[in-house]
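Asker:
Spelled out as structure tokens, the structure:
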């Protein structure tokens, strides 16, 4: 798989680190009750199809970014 | 017409080739309703149906399989069985599973080739050996066999590892579970299917569940590619696609689907007589009865439903193989494949009721679905039959994260695939 | 008995270069340009091996990678290599496999007599009794019988390299289609890579005998070689296709020399913008009684041996076919003077073929197939049946069941092949973007069609990058249409076994059995009968099997399903995948800037994660058990110097730096004064401890954060995640300084004196540098940070300096403080000293423990928010009976506490999971006894209670006592001194 | 008195007639985080694209992020004092070991371990890439057609050097 880093351009997946579903909203710092944090941290929509997720170019510029990818095909979409 | 398997029966068939073997399991048309429906004709689903019939007298049961039985992870794993768990709950559950493995071929009258050849986990530092010691002590204290090995003992048992100065990490010792080993994975699905079928269970292949039928918050049936089927109780056992199926019932799970790759070399005469695992990086290898070296490592590290792995992971696993067992270099990779795993925050599974009445969930198996198969079916059947978890699977509830009851057997933290 | 001979002339072999090799120790000879297979045939070796299950005599079937039978062990340690894929080289040592004592006379052949028992899946039906674990008795026999070749434990002396490549167009296969495609694409100036698994380019062309085709091949190759933008690679197999056109190529080098760094093979990871599959097609065997006898071969292979290697059947050949292509073999054989008998399943045969056959004096049997084959170790006679019956003596039986496009690679991407009724074959089920198929793989079998395909696809591939090109001129000639009459089962049932998969010994009867028992899906069929599971992965057997199963199920072949093709295409050495990343190169090693200084100081090193760390020093002893005790005493009584450079260090800068740290640490950092350090703990979102460390405020807007060695990378990534993803409003910049700064701990009652001697100009008095104080000094032009911290509990300092200066500074300390008796101490002593002081470390910070478990609950800010605050409050994480940190003292003389011991109260029954366990153990030089840190149910509520430490692995139990984890200087007098 | 010591001080020299591999010492590395418009007046100019470098006032200026730059100067470069207060400064001179590889086979040798396109028309002089070599993060700078400089983490430098010289064994004497 080749992932387009917004800084460095397309690189092998081996340079990156997956960071999970990017569509979930993290409760504001210091806000949100136990339930809100539980659902945010522990529950995943885990769709079979289009997915927006976080990646870090950890063996590169260390930039964290959003990537859209189809989990049914691994087809890569936009990175931002 | 069930016909027992035996050497004698084989001989009879050999002498009169004309008399055919009966089908291992029937291919019935789905009935309009069952007392219980199990979604998923994998190892866990078939085992569940078998134990529902066997232990709980529920024989009006259907197993619905999207493709052919055993088409999921039961046929895509590295076939290892063991019970070296340290966390209260895990220890007892996986030991119960290993005990069931021990008598399985007999119980099912189907040779699953359960081989207790022993597993050795190798430590690459004194500190790691201490953590293994804790594991081994817990095993012993729970009546499970375990032996702590020093470097010399490991050298004697596994003379072919790299003990040279060239090794990146020296081998400090290891822990041996003699009763651990491997099983012919496909046979598990077929054996449970045949035994369940014999007890009256309908195994329905090419039958995909497309939705749930609810009645006042109760699950009462499923819509399938082969029509509507009602069920008094409905169990989900579709690890790999759990989120996908649970979503049809409106459930959202602490699960992400990841790919785990597995590898097999061309067959050679016996060289490796144990299951060998390594502490430097997750790596495990055994030699199948056919002669191929079967091995694997970590998941690829991101969620996907494709069964295609990424090559960089294949390289890191091959690097482990050659670095630990230098002779592997000349053996040739025959095939590699991927299975879709339910990954959970703490690496442990779910076998439990759900918020929806009469709907039960089994999944989240991470790396350990295969070895758990018998106990998973056994406890899931109990949970479905009694509408209540058995002591052995009480810890595998969906709400354990809300309660802070993680079962992190390796002390690597929640969602560690992100690391 | 020999059935083949080498012709006096012809072929592509180099008769000027004779080659000698050994087969089971006996010397044989061949020529450069031979494969092992052609050389063996030329030497009359038709019986080459024994089959997997029945140990039936077998010979070479094919001339390519699809070879199911002719497997050998090359050299000492390379089993299962198809003779058809080995270039013959001088001194090649070849061993036969899976036969004892020899393939010619194999005692294991008794299996053959028992074969009625060994029907498919027989082992699922027996070997179960009499006992629960009876399989353990049977398994060793099964294992020994299985397994083809023998491996060797000896280390592989060859070298394997890796390479990364990129190109515009990858062309796989160098037959007419591939050559045309590569050249057409190449002419556009695009970066083209052409790979061919054979040692020569040309594919099918290499088996032709017409001069104009050879001339055409040479012309194309010459032009390809002249283009700098085109790379052509022979002996290079496209093994697998992965996501985003990531293709794995295996290149086999003609010569290798590990000592000189010359690899035997190179694994190339190629990213191609587009791919043209010109992978050709594989001929199918026909299924009939005893179709596995040595001398029963694929028709195209017989032709290849004749035309490419000048190896011909002795006198007589029978050919059986269901399509036109086998006539090419027949005609070439006849022209070479071999008596040819032709049996064609088709009643109606194209007239031009009939007339040419007649002209060449071939015996023709239309509508006829093979009923049986005679000859135990080599075909001697063929029984024909059908429209005609005949019994024909022969040396070779050449068969053609039609052609199967090599759709393996095109399927790796997940697109299933589809069945084409007209071709009686599976063809690619479509292509992803930028994928193209050319020639036989598309079911277009003629040379002209292949070249046209190649031209078209080459042009389309480069058109995608807006490039134009011109096509390749084809040679004179005209394709004939491909006529096939599908034949899957024996025309007439013979007496013998009719094999579908010769390598796995799977017969038609086995498939019937599988069908009867309900193993009807293709995957069940394969897994139950092991069909297609051999080293050839069913290249010649899968289609026949699917078709036979479809027949039994009475469904169309497409409905019976296809098999999933998985990489690699052919056997791929695990060593080639691992490349150079093995042995001490397996993972990088990480060295402290003080590594050489440690070495000079007599350190013994130990692997700690990727780091090599100084474990203990020679001055203190020559074993860790004794050395660390003297090193501890040194620190407790005098002054010691330790390398702590491996600590994670992070530069946290920006106007919001204080706010940022205040959020990530459970305790407050907003009001930390400049020049002060503070111990902090971070939680993960789930409320479990992530890491701890000491962080110093350098200025209003700058902090110097340290992490544990183990978690450094994780914490860095976590901080970046928070700043870049969630807290983008905070103006903070984080940078790792782990490599920039070295650190050494100066510890012990005399450490202040040592510091003073090292930095005479600095005021290191308690007033100026109190506990948890920080002082920046400039020494010899080098900026140095003096942090008054203590891991050991003694008066102690950490001295941090830019990495390159650390070595000199270390020596400086050892020199100036020599009068104080300063000496280095290592990791083992560091760990022991911290246990005495009750500092938690790796073994306690294991991602399972909460702040409260570690006795640090009171650190957490009551008012302020911090990461993990909410989930930290989860019910069970607050349970009073949780296992939490305690100190443990051994109460028995002469025994040794052990890490990993399980803890019980004195009254407990010793079983189950206990009430806790020991994390870290040391001998205490202060208390003169073994002490430990551990986790115990209820923690210090039980201080003073006696407990049992159980270590059943060594059948040990010993009495111990729960005490405070702070074994020494609880009030902190020493570190505040 | 506190002399500097290289991470490669004890490295085995690589000897070859066609390829040179060694350490390029004597540089300073300053990481500067801040808006380009504030920084460029002081550095002369700045690269506009991440992954590109240029020379100004005798320094090599690399853009390593949208608002992050590496300034590579002489060992005693004092530019930090000029940038103080203008941007966030982090001295990294000791954190990186600069390994050069020069010669006709340089691109092929690097291709053995770096998943980058080293084709001369793609990886041109003045360009650099932040990537992984032997599982460690490195910055690879194309100085000219046949010369590359690898900025490796200091503590991994010897391991990376060993791997690289082993990869280049076929060109060694």
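Protein chains in written order, with the working numbering: chain A, 31 to 110; chain B, -2 to 416; chain C, 252 to 1228; chain D, 2 to 174. Note that the Cβ used here is the ideal one computed from N, Cα and C, for glycine as well. All figures in this text were calculated on a predicted structure; none of them were measured in a lab.
Could you name the residues of the segment 638 to 651 of chain C whose beta carbon sits closer than 8 angstroms to any beta carbon of chain B, in the order they occur along the chain?
Answerer: For the segment 638 to 651 of chain C, which is checked against every Cβ of chain B, not one residue is closer than 8 angstroms.
Asker: Under the DSSP definition of a beta bridge, which residues are partnered with residue 442 of chain B?
Answerer: Past the boundaries of the shown model lies residue 442 of chain B; chain B is included only from -2 to 416, so the question cannot be answered.
Asker: Establish whether the CB of residue 109 of chain A and some CB of chain B are separated by less than 8 angstroms.
Answerer: As a first step, residue 109 of chain A must be located in the first chain, where it is residue number 79. With 8 angstroms as the cut-off, residue 109 of chain A does not count as an interface residue toward chain B.
Asker: Of all the alpha helix (DSSP H) runs that stay within the bounds of the segment 111 to 177 of chain B, which reach a length of 4 or more residues?
Answerer: Those alpha helix (DSSP H) runs which fall completely within the segment 111 to 177 of chain B and span 4+ residues are 123 to 138, 148 to 154.
Asker: Nearest CA to the CA of residue 1163 of chain C: which residue from B:86, B:31, B:7?
Answerer: Counted from its first residue, the third chain places residue 1163 of chain C at position 912. For residue 1163 of chain C, the nearest C-alpha among the options comes from B:86.
Asker: Could you give the DSSP three-state label for residue 1238 of chain C: helix, strand or coil?
Answerer: Residue 1238 of chain C lies beyond the stretch modelled for chain C, which goes from 252 to 1228, so this question has no answer here.
Asker: Applying the criterion that 16 or more other CB atoms from any shown protein chain within 10 Å of the CB defines a buried residue, is residue 463 of chain C buried or exposed?
Answerer: Taking the third chain and counting its residues from 1, the one referred to as residue 463 of chain C is at position 212. By the 10 Å Cβ count, residue 463 of chain C comes out exposed.
Asker: Given that a residue counts as buried once 16 or more other Cβ atoms are within 10 Å of its Cβ, and exposed if not, what is residue 146 of chain D?
Answerer: The count along the fourth chain starts at 1 and reaches residue 146 of chain D at position 145. Counting Cβ neighbours within 10 Å, residue 146 of chain D comes out exposed, since fewer than 16 surround it.
Asker: Going along chain A in order, which residues have a C-beta closer than 7 angstroms to the C-beta of residue 252 of chain B?
Answerer: Within the second chain, the letter at position 255 stands for residue 252 of chain B. Under the 7 angstroms cutoff, chain A gives 74, 76.
Asker: Got a sec: which bits of the segment 399 to 417 of chain C sit with their beta carbon under 9 angstroms from any beta carbon on chain D, in order along the chain?
Answerer: Here the close residues are 410, 412, 413, 414, 415, 416, 417.
Asker: In three-state terms, what does DSSP make of residue 393 of chain B?
Answerer: As a working mapping, residue 393 of chain B is identified with position 396 in the second chain. In the structure shown, residue 393 of chain B sits in coil (DSSP, three-state: anything other than H, G, I, E or B).
Asker: Is the number of C-beta pairs between the segment 35 to 54 of chain A and the segment 79 to 87 of chain A that are closer than 8 angstroms three or more?
Answerer: Result yes; three or more Cβ-Cβ pairs closer than 8 angstroms.
Asker: Nearest by alpha-carbon distance to residue 56 of chain D: which of D:9, D:41, D:67, D:89 is it?
Answerer: Residue mapping note: residue 56 of chain D aligns to position 55 of the fourth chain, counting from 1. Ranking the options by Cα distance to residue 56 of chain D, first place goes to D:41.
Asker: Could you check if residue 914 of chain C is buried or exposed, using at least 16 other CB atoms within 10 Å of its CB as the buried criterion?
Answerer: For the purposes of this step, residue 914 of chain C is identified with residue 663 of the third chain, where counting begins at 1. Residue 914 of chain C is buried by the Cβ-count criterion.
Asker: Using the Cβ count rule (16 or more neighbours within 10 Å means buried), how would you classify residue 916 of chain C?
Answerer: The sequence position of residue 916 of chain C within the third chain is 665, counting from 1. By the 10 Å Cβ count, residue 916 of chain C comes out buried.
Asker: Can you tell me whether residue 351 of chain C is helix, strand or coil according to DSSP?
Answerer: Reading the third chain from its first residue, position 100 is the one you call residue 351 of chain C. Residue 351 of chain C: coil per DSSP, three-state reduction.
Asker: What number of angstroms, rounded off, separates the C-alpha of residue 884 of chain C from the C-alpha of residue 850 of chain C?
Answerer: As a working mapping, residue 884 of chain C is identified with position 633 in the third chain. As a working mapping, residue 850 of chain C is identified with position 599 in the third chain. So the alpha carbons of these two residues sit roughly 22 angstroms apart.
Asker: Distance check for residue 734 of chain C and residue 575 of chain C, CA to CA, integer angstroms please.
Answerer: Reading the third chain from its first residue, position 324 is the one you call residue 575 of chain C. Reading the third chain from its first residue, position 483 is the one you call residue 734 of chain C. Distance between the alpha carbons of residue 575 of chain C and residue 734 of chain C: 6 angstroms.
Asker: Rounded to whole angstroms, what's the CA-CA distance from residue 495 of chain C to residue 281 of chain B? Just pull it up for me.
Answerer: Reading the third chain from its first residue, position 244 is the one you call residue 495 of chain C. Reading the second chain from its first residue, position 284 is the one you call residue 281 of chain B. Approximately 29 angstroms, taken between the alpha carbons.
Asker: Step through the CB atoms of chain C and report whether any lies within less than 8 angstroms of the CB of residue 18 of chain B.
Answerer: Reading the second chain from its first residue, position 21 is the one you call residue 18 of chain B. Output row for residue 18 of chain B: interface = yes.
Asker: Out of curiosity, what's the CA-to-CA distance linking residue 149 of chain B and residue 12 of chain B?
Answerer: Here the question's residue 149 of chain B lines up with position 152 in the second chain. Here the question's residue 12 of chain B lines up with position 15 in the second chain. When rounded, the distance between both Cα atoms is 53 angstroms.
Asker: Can you give me the start and stop residues for the alpha helix (DSSP H) that residue 244 of chain B sits inside?
Answerer: Here residue 244 of chain B is taken as the residue at index 247 of the second chain, counted from 1. Where residue 244 of chain B is concerned, the enclosing alpha helix (DSSP H) stretches over 239 to 245.
Asker: So, does the CB of residue 51 of chain A fall closer than 8 angstroms to a CB anywhere in chain C?
Answerer: Residue 51 of chain A sits at position 21 when you count from the first residue of the first chain. Answer no: the Cβ-Cβ gap between residue 51 of chain A and chain C never drops below 8 angstroms.
Asker: Contact criterion: CB-CB distance below 8 angstroms. Does residue 146 of chain D meet it with respect to chain C?
Answerer: Here the question's residue 146 of chain D lines up with position 145 in the fourth chain. So, not an interface residue.
Asker: When you compare each of D:85, D:121, D:7, D:125 to residue 31 of chain D by their alpha carbons, which one comes out closest?
Answerer: On the fourth chain, position 30 is the one that residue 31 of chain D refers to. Checked all of D:85, D:121, D:7, D:125; the closest Cα to residue 31 of chain D is D:85.
Asker: DSSP on residue 978 of chain C, reduced to helix/strand/coil?
Answerer: Counted from its first residue, the third chain places residue 978 of chain C at position 727. Reduced to three states, the DSSP call for residue 978 of chain C is coil.
Asker: Mind pulling the alpha helix (DSSP H) runs of 4 or more residues that sit fully within the segment 654 to 713 of chain C?
Answerer: Listed in chain order, they are 659 to 663.
Asker: So residue 950 of chain C is in the beta strand (DSSP E); what residue range does that whole segment cover?
Answerer: The residue you call residue 950 of chain C lines up with position 699 of the third chain. Taken as a continuous stretch (DSSP letters only), the beta strand (DSSP E) holding residue 950 of chain C covers 940 to 950.
Asker: Give the residues of chain B in contact with residue 829 of chain C, contact being defined as C-beta atoms less than 8 angstroms apart.
Answerer: Locating residue 829 of chain C in the third chain gives position 578, counting from the first residue. Within chain B, the residues near residue 829 of chain C are 312, 315, 316, 318, 319, 320, 326.
Asker: Can you find a CB in chain A that lies within less than 8 angstroms of the CB of residue 36 of chain D?
Answerer: Translated into positions along the fourth chain, residue 36 of chain D becomes position 35. Output row for residue 36 of chain D: interface = no.
Asker: Name the DSSP beta bridge partners of residue 317 of chain B, please?
Answerer: Your numbering for residue 317 of chain B matches position 320 in the second chain. Residue 317 of chain B is not bridged to any residue.
Asker: Just tell me which of C:992, C:1037, C:985 has its CA closest to the CA of residue 1003 of chain C.
Answerer: Here residue 1003 of chain C refers to the residue found at position 752 of the third chain. Per the Cα distances, C:1037.
Asker: Below 6 angstroms CB to CB, which residues in the same chain sit around residue 253 of chain B once its five sequence neighbours on both sides are set aside?
Answerer: Position 256 of the second chain, counted from the first residue, corresponds to residue 253 of chain B. Excluding residues within five positions, the ones whose Cβ falls inside 6 angstroms are 300, 340.
Asker: Rounded to the nearest angstrom, what separates residue 292 of chain C and residue 272 of chain C at their Cα positions?
Answerer: In the third chain, residue 292 of chain C corresponds to position 41, counting from 1. In the third chain, residue 272 of chain C corresponds to position 21, counting from 1. Distance between the alpha carbons of residue 292 of chain C and residue 272 of chain C is about 14 angstroms.
Asker: Can you tell me whether DSSP reads residue 1242 of chain C as helix, strand or coil?
Answerer: Residue coverage of chain C in this structure runs from 252 to 1228, which leaves residue 1242 of chain C outside it and unanswerable.
Asker: Looking at chain A, is there any beta carbon in it that lies within less than 8 angstroms of the beta carbon of residue 240 of chain B?
Answerer: For the purposes of this step, residue 240 of chain B is identified with residue 243 of the second chain, where counting begins at 1. Yes, residue 240 of chain B lies at the interface with chain A (some Cβ there is under 8 angstroms from its Cβ).
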